[in-house]
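Here's the structure we're looking at; comments come further down.
In the numbering used here, the protein residues as written are 873 to 963.
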């Protein structure tokens, strides 16, 4: 398993509150759009919509089936970070 973290963008965070959303396995199976929607709904409001769009686009660029654990974090400064683990394959 390979763990990674990446800043995927920045959103307006006027309250400077950190928010974390972990995505359950069944949602990950559905792909990037479902992951983005799940995260957006859990954060809520305009910030949730912006974070959901950033995360959905990022996951869409990856193969959603390769991701095991996924978490989105909105930092107080507005940076949106994703942390995830990718399944390794033997060749």
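Cβ atoms here follow ideal geometry from the backbone N, Cα and C, with glycine treated the same way. Please read these numbers as outputs of a predicted model, since none were measured by experiment.
Report task. Measure the C-alpha to C-alpha separation of residue 934 and residue 884 and round it to an integer number of angstroms. Result -> 25 Å
**Report entry** Bridge partners - residue 933, DSSP secondary structure assignment
**Finding:** BP columns for residue 933 are empty, so no partner.
Query raised in the report: How long is the line joining the alpha carbons of residue 903 and residue 909, rounded to whole angstroms?
Result: Distance between the alpha carbons of residue 903 and residue 909 is about 10 Å.
Query - Between the CA atoms of residue 915 and residue 893 - distance to the nearest angstrom - result: 8 Å
Requested in this report: Mark residue 889 as exposed unless 16 or more other C-beta atoms lie within 10 angstroms of its C-beta, in which case mark it buried.
Outcome: Under this definition residue 889 is an exposed residue.
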